[in-house]
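There are 2 protein chains.
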Amino acid sequence: MANEVFKALGHPLRRQVMALLRQGPKSSGELAEAFDAAWPTVTRHLNVLKDADLITAERQGTSIIYRTNTSVIEDAVTALLGMIGRDNGDDELKEAAE
Amino acid sequence: MANEVFKALGHPLRRQVMALLRQGPKSSGELAEAFDAAWPTVTRHLNVLKDADLITAERQGTSIIYRTNTSVIEDAVTALLGMIGRDNGDDELKEAAE
DNA sequence: ACACTAATTAGCATTTTTGATAATTATGAG
DNA sequence: CTCATAATTATCAAAAATGCTAATTAGTGT
Chain Y
102 MANEVFKALG HPLRRQVMAL LRQGPKSSGE LAEAFDAAWP TVTRHLNVLK DADLITAERQ
162 GTSIIYRTNT SVIEDAVTAL LGMIGRDNGD DELKEAAE
Chain D
102 MANEVFKALG HPLRRQVMAL LRQGPKSSGE LAEAFDAAWP TVTRHLNVLK DADLITAERQ
162 GTSIIYRTNT SVIEDAVTAL LGMIGRDNGD DELKEAAE
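Just so you know, the sequences run in chain order Y and D. In terms of the working numbering, the first sequence opens at residue 102 and continues consecutively. In terms of the working numbering, the second sequence opens at residue 102 and continues consecutively.
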């Protein structure tokens, strides 16, 4: 999971997409308009985000609507938080056992 | 900031390094031993992490000690959390003004 | 100075990512 | 069915990332 998520967020345009979708669902066209890049280029970035499960796509008549997938972002936060705070290598079940 | 951070975390070996450093500071050699990759390869990954400010390097006699830089990870968490939760595009100072 | 160990930088080949244009699919309107 | 619009997939070239071996720098001890 984490690999694709962080990799997907590694591109500025893709983070921008996430920022735009924060204001609510948007169509492929609306997103494509928001950037200098050509539409197919934006489409590809959207696919990267979709493969990473960061967004979902749903056809609605003639257009395709994208939404951010909150839960995956939450997972990424958890992964990140896991990088802070000391660990002794003792296989993680320590906390629970006392 | 965010670009380099997420891009840096986009590689499995580099996330592994972060996980190892969670147990405390480690030398380049200790880290290099932990992977199948050749030492120079690991060094390069360490440089990517360092450029992203995710870790710091400090020479200690003959070896170089790496530590995770907590604050940058916290910033990344904030960036991530900023992707969740509705926004109306109204330039963010809304919350404060009521 | 010389040797030894720790680690990095240089160069090079392979793979992946990016971005554009052209071609294609899908849906709805008339 | 045809036309127009929305969006994707296909292809290709340019740029960046990865990983290796060889060469180099840096510190320590003799």
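Built from N, CA and C at the ideal position, the CB exists for glycine as well.
Ranking 146(D), 106(D) and 105(D) by CA distance to the CA of residue 129(D) puts 146(D) first.
Taking each of 191(D), 125(D), 189(D) and 188(D) in turn and checking the Cα distance to residue 156(D), the smallest one comes out for 125(D). For residue 180(Y), the three-state secondary structure derived from DSSP is helix. Its chain contains 102, 106, 153, 154 and 155 as the residues whose beta carbon lies nearer than 8 Å to that of residue 173(Y), once the 5 sequence neighbours on both sides are disregarded; these appear in chain order.
For residue 120(D) and residue 191(Y), the gap between their C-alpha atoms comes out near 13 Å.
One thing to note: residue 104(D) has its Cβ no nearer than 8 Å to the Cβ of residue 141(Y). Residue 184(Y) belongs to the set of residues whose beta carbon lies under 8 Å from a beta carbon in chain D. By DSSP's assignment, residue 160(D) forms a beta bridge with 165(D).
Counting the other Cβ atoms within 10 Å of the Cβ of residue 116(D) gives 16 or more, which makes it buried. The continuous alpha helix (DSSP H) containing residue 141(Y) extends over residues 140-152.
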